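Contents: one structure, followed by commentary.
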Amino acid sequence: MSATTAIATMPDAAIASWRLRWRRFRRHHAGMASLIVLVLLLVFVLAAWPLQAVLGLDPNATDLLSRYEPPSALHWLGTDDAGRDELLRLMLGGQISLLVGALATVAGGILGVMIGLVAGYFGGRADAFLMRFTDGVIALPLLPLLIVLGAVDLTKLGFSSEFAHSGAAAFWRVVIIIALFDWTSIARLVRAATLSVRERDYVRAARASGGGAGYVMRAHILPNIATPIIVAGTLTIGRVILFESVLSFLGFGIVPPTPSWGNMLNNAQELVTTAPALAIYPGLLIFLTVIAVNFLGDGLQHAFDPRSNV
Amino acid sequence: MGGYILRRAAQAAVVLLVMSFIIYSLIGLMPGDPIDVMLSTMPNITPEQVARLRHVYGLDQPLMLRYWHWLGAAVRGDFGFSRLHAAPVLIVLGPALAQTCRLMLASFTLSVFLSVSLGVLAALRPGSWRDTLIGFFAFAGISVPVFWLALVLILVFAVWLHWLPASGISTVGAGGFGDLLRHLVLPVVTLALAITGQFIRFVRASMIETLRMDHIRTARAKGAGERRVVLVHAFRNALIPVVTVMALSFGGLFSGALITETMFAQPGVGKMIYDAILGNDYNLALTGLLFATLVTLLSNLVADLAYAWLDPRIALR
Chain A
685 MSATTAIATM
695 PDAAIASWRL
705 RWRRFRRHHA
715 GMASLIVLVL
725 LLVFVLAAWP
735 LQAVLGLDPN
745 ATDLLSRYEP
755 PSALHWLGTD
765 DAGRDELLRL
775 MLGGQISLLV
785 GALATVAGGI
795 LGVMIGLVAG
805 YFGGRADAFL
815 MRFTDGVIAL
825 PLLPLLIVLG
835 AVDLTKLGFS
845 SEFAHSGAAA
855 FWRVVIIIAL
865 FDWTSIARLV
875 RAATLSVRER
885 DYVRAARASG
895 GGAGYVMRAH
905 ILPNIATPII
915 VAGTLTIGRV
925 ILFESVLSFL
935 GFGIVPPTPS
945 WGNMLNNAQE
955 LVTTAPALAI
965 YPGLLIFLTV
975 IAVNFLGDGL
985 QHAFDPRSNV
Chain B
56 MGGYILRRAA
66 QAAVVLLVMS
76 FIIYSLIGLM
86 PGDPIDVMLS
96 TMPNITPEQV
106 ARLRHVYGLD
116 QPLMLRYWHW
126 LGAAVRGDFG
136 FSRLHAAPVL
146 IVLGPALAQT
156 CRLMLASFTL
166 SVFLSVSLGV
176 LAALRPGSWR
186 DTLIGFFAFA
196 GISVPVFWLA
206 LVLILVFAVW
216 LHWLPASGIS
226 TVGAGGFGDL
236 LRHLVLPVVT
246 LALAITGQFI
256 RFVRASMIET
266 LRMDHIRTAR
276 AKGAGERRVV
286 LVHAFRNALI
296 PVVTVMALSF
306 GGLFSGALIT
316 ETMFAQPGVG
326 KMIYDAILGN
336 DYNLALTGLL
346 FATLVTLLSN
356 LVADLAYAWL
366 DPRIALR
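Chains as they are written, first to last, in the numbering used here: chain A, 685 to 994; chain B, 56 to 372.
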């Protein structure tokens with residue numbers, strides 16, 4: 685079901701409650717400010733294409749004769765260690781970082797929702813096993829494991845050497861390995877929420893009238909636990925962006941020449957002494973994005989929780 | 056209680072065993088193998104000799120069998136030889152573990168001190184300017200990329216102000232305790248700031264909840280002073296869930312230590328794992344990762360036990 689038909693088929697009561705939430709959200713100053721900041725960031729990273737066309741710049745063409753140039757009419761933020769336009773790479777890198785954040789959150793979210801739903805709905809052995817498994821994953825030293833997964837040689841898994849060393853492989857690998865670990869908070873939350881609605885009358889009625897487990901979960905449970913999932917998902921995006929940036933920074937994430945905010949700081953130790961500004965920009969953008977996402981999540985939580993007073 | 060500890064310890068041992076197999080397989084999937092690494096120093100070797108070497112080292116055997124042999128040696132305390140350091144893995148790991156413990160404990164202490172004071176201050180007047188400011192600081196701590204925070208601190212305090220050294224653990228030739236301390240300041244502050252944000256939020260939330268409880272109202276009603284109400288009646292109760300969360304965060308602390316040690320060139324376990332993975336030092340990477348997992352599992356166990364010990368309402372079975 686697409687988004688528009690979802691809204692079209694929504695009962696009036698649901699539309700009214702979303703309107704109320706929007707009103708409550710608008711009164712949350714930090715949340716509103718974050719929303720504006722995020723929209724501006726989106727505009728910023730998408731401006732890469734018009735900028736590229738207007739100034740006629742190539743983001744990957746290296747020019748060793750114009751390294752670390754100061755800002756000029758052609759290079760608004762100057763050039764980096766390989767003579768490439770810093771501003772353009774910041775914009776393109778932002779596209780990659782935000783895309784990884786969104787994709788890994790969605791993938792991990794789907795995984796977490798499925799695990800949490802099954803554990804909460806069926807209970808018993810399945811619940812015990814899945815929750816022990818979740819606890820086990822939470823207990824792992826995350827970053828060292830992500831680095832090992834980032835170092836895995838894909839040709840040993842049967843992929844062609846050509847694919848294994850391509851930028852696309854690096855991109856999807858980051859998305860997948862982060863999603864593989866960052867589903868636990870959503871799974872626990874979905875399980876708790878499922879437990880709380882599982883025995884409500886409308887769910888029991890649906891079961892009594894012959895609804896299968898898959899149908900009941902999809903039609904009756906999921907829509908009623910959607911709001912905490914949205915809030916947790918928002919907070920996950922921030923964490924994922926941080927993971928992507930540190931992995932790319934350490935050399936196990938997005939690989940150059942494809943820019944990401946993390947790998948633009950690869951040679952940061954050199955930048956600190958030769959071009960401090962270049963060591964600041966990418967990190968500042970990561971910081972700004974993640975803090976805005978986190979405040980947005982905070983605002984959503986206030987708006988969705990009828991007990992909180994904004 | 057004794058039975059509970061025993062069962063949890065057994066559980067942790069099983070998780071560690073499963074993890075050792077997973078990590079062993081993953082390390083096997085890293086680029087190259089020990090023979091490839093050896094070959095780079097022996098240009099005149101024939102293919103037959105390579106095959107013989109693979110056989111001697113058992114690399115032609117199936118994964119399960121190789122893992123079984125590794126496990127047998129590991130149980131006897133033999134974790135193999137580190138290629139990068141040219142010494143047995145355990146001998147290399149010992150000083151690194153001590154270094155990481157120093158860093159983690161110092162950061163943890165600083166962070167607990169900061170977060171408890173700021174969290175309580177925020178909770179006393181929710182919605183005030185003070186609360187908003189502390190809340191913003193907490194959010195900033197959660198949202199900042201740790202490696203970039205390290206970079207900014209290096210830029211400000213080492214490159215611009217020249218107050219503190221940017222990397223390493225001591226100055227050659229200088230020596231002395233003061234010198235060691237100066238090298239610890241930036242790494243400890245970086246790691247502490249990285250975890251303080253979420254701690255503040257936990258302390259504040261827990262404190263606000265406790266201040267709403269009946270026994271606080273009773274204490275106020277019988278005329279206890281505000282200072283006594285906050286510090287004795289509320290604070291001690293608010294601390295119970297906080298202690299658990301803090302102990303549980305040790306795994307995250309280790310991830311932070313890896314970044315901090317790499318940024319500040321501190322010879323700890325985190326940097327050692329990173330260098331081992333970069334330098335194809337399979338034995339060292341494997342053992343380092345296992346130790347990291349062990350530390351995390353132990354801290355989780357401690358968290359559970361601390362919870363039961365602090366809160367008599369919790370009965371462990």
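Note that beta-carbon positions come from the ideal geometry of N, C-alpha and C, so glycine has one too. None of the values given here were measured: they were computed from a predicted structure.
Residue i versus residue j - alpha carbon distance
i         : j         : result
Ser893(A) : Val802(A) : 21 Å
Ile138(B) : Glu846(A) : Note that residue 138(B) is Arg in the sequence shown here, rather than Ile. Straight-line Cα distance between these residues: approximately 30 Å.
Gly196(B) : Leu206(B) : 15 Å
Ala916(A) : Thr868(A) : 11 Å
Arg884(A) : Ile905(A) : 10 Å
Ala153(B) : Tyr886(A) : 58 Å
Thr920(A) : Thr789(A) : 6 Å
Leu352(B) : Leu313(B) : 17 Å
Asp764(A) : Ala731(A) : 19 Å
Leu241(B) : Val298(B) : 26 Å
Pro102(B) : Asp91(B)  : 12 Å
Arg705(A) : Met716(A) : 13 Å
Ser261(B) : Phe254(B) : 11 Å
Ala737(A) : Ala961(A) : 25 Å
Cys156(B) : Asp330(B) : 19 Å
Asn950(A) : Ser932(A) : 8 Å
Trp364(B) : Ser354(B) : 15 Å
Arg275(B) : Val721(A) : 44 Å
Exposure of residue i, with buried meaning 16 or more beta-carbon neighbours within 10 Å
i         : result
Gly785(A) : buried
Leu830(A) : buried
Met685(A) : Any reading at Met685(A) is ruled out, since the residue's pLDDT is 43, under 50, leaving its predicted position unreliable.
Leu969(A) : buried
Gly792(A) : buried
Val243(B) : buried
Val723(A) : exposed
Trp945(A) : buried
Ala910(A) : exposed
Ile146(B) : exposed
His110(B) : exposed
Ala141(B) : exposed
Asp742(A) : exposed
Ser383(B) : Here chain B comprises residues numbered 56 to 372, so residue 383(B) is not present and cannot be evaluated.
Gly323(B) : buried
His13(B)  : Nothing in the structure corresponds to residue 13(B), since chain B is present only between 56 and 372.
Arg875(A) : buried
Neighbourhood of residue i by C-beta, 7 Å cutoff - its chain only, sequence neighbours within 5 removed
i         : result
Ala835(A) : Phe936
Leu344(B) : Ile78 and Ile328
Ala348(B) : Note that residue 348(B) corresponds to Thr in the displayed sequence, not to Ala. Excluding residues within five positions, the ones whose Cβ falls inside 7 Å are Leu71 and Met74.
Val171(B) : Val258
Asp36(B)  : Any answer about residue 36(B) is impossible in this case: the structure gives chain B only from 56 up to 372.
Val956(A) : Ala963
Val374(B) : Not covered by the structure: residue 374(B). The range shown for chain B is 56 to 372.
Own chain partners of residue i with C-beta closer than 8 Å, once the 5 adjacent residues on each side are dropped
i         : result
Ala853(A) : Leu838, Phe843 and Phe847
Ala725(A) : Note that residue 725(A) corresponds to Leu in the displayed sequence, not to Ala. Same-chain partners within the cutoff: Gly778, Leu782, Leu969, Leu972, Thr973 and Ala976.
Glu996(A) : Outside the modelled stretch of chain A, which goes from 685 to 994, sits residue 996(A), for which no answer is possible.
Phe136(B) : Ala142, Pro143, Val144 and Asn338
Val900(A) : Tyr805, Val887, Ala890 and Arg891
Contacts around residue i, its chain only, beta-carbon distance under 6 Å, and the 5 residues preceding and following it disregarded
i         : result
Ala221(B) : Ile209 and Ala213
Val994(A) : Its pLDDT being 41, under 50, Val994(A) is placed unreliably in this model, and the value from its coordinates should be taken loosely. Excluding residues within five positions, the ones whose Cβ falls inside 6 Å are Arg708, Arg711, His712 and His986.
Thr818(A) : Thr868 and Ala871
Ser442(B) : This structure cannot settle anything about residue 442(B), because the visible part of chain B is limited to 56 through 372.
Trp218(B) : Phe212
Check your understanding: Given a limit of 9 Å on CB to CB distance, which residues of the region 847-863 of chain A reach chain B?
Key -> none
Review point. Three or more C-beta pairs closer than 8 Å, one from the region 759-767 of chain A and one from the region 877-896 of chain A: is that the case here?
Key: no
Practice item. With 8 Å as the C-beta to C-beta threshold (strictly closer), list the residues of the region 829-843 of chain A near chain B in chain order. Key: Those would be Leu829, Ile831, Val832, Leu833, Ala835, Val836, Asp837, Lys840 and Leu841, in chain order.
Check your understanding: Below 8 Å, can you find three or more Cβ-Cβ pairs linking the region 75-86 of chain B to the region 929-946 of chain A?
Key -> no
Check your understanding: Would the region 246-266 of chain B and the region 293-306 of chain B be scored as touching if the rule is three or more Cβ pairs under 8 Å?
Key -> Yes, since at least three Cβ pairs between the region 246-266 of chain B and the region 293-306 of chain B fall closer than 8 Å, the two stretches touch.
Exercise for review: Give the residues from the region 945-973 of chain A that approach chain B closer than 9 Å (Cβ to any Cβ), ordered along the chain.
Suggested key: Trp945, Gly946, Leu949, Ala952, Gln953, Leu955, Val956, Thr957, Pro960, Ala963, Ile964, Pro966, Gly967, Leu968, Ile970, Phe971, Leu972 and Thr973
Exercise for review: Please determine if the region 856-865 of chain A and the region 819-829 of chain A are in contact, where contact requires at least 3 C-beta pairs separated by less than 8 Å.
Suggested key: Between the region 856-865 of chain A and the region 819-829 of chain A, the count of Cβ pairs shorter than 8 Å is three or higher; the stretches touch.
Check your understanding: Relative to chain B, which residues along the region 895-926 of chain A have a C-beta separation below 8 Å, given in chain order?
Key -> Gly922 and Leu926
**Study point:** Stretch pair the region 353-363 of chain B + the region 58-68 of chain B: three plus CB contacts closer than 8 Å
**Key:** yes
Practice item. Please name the residues in the region 328-360 of chain B whose beta-carbon is closer than 8 Å to at least one beta-carbon of chain A, in chain order. Key: Ile328, Tyr329, Ile332, Leu333, Ala340, Gly343, Leu344, Ala347, Thr348, Val350, Thr351, Leu352 and Asn355
Check your understanding: When you check each C-beta in the region 733-749 of chain A against every C-beta of chain B, which residues fall closer than 9 Å?
Key -> none
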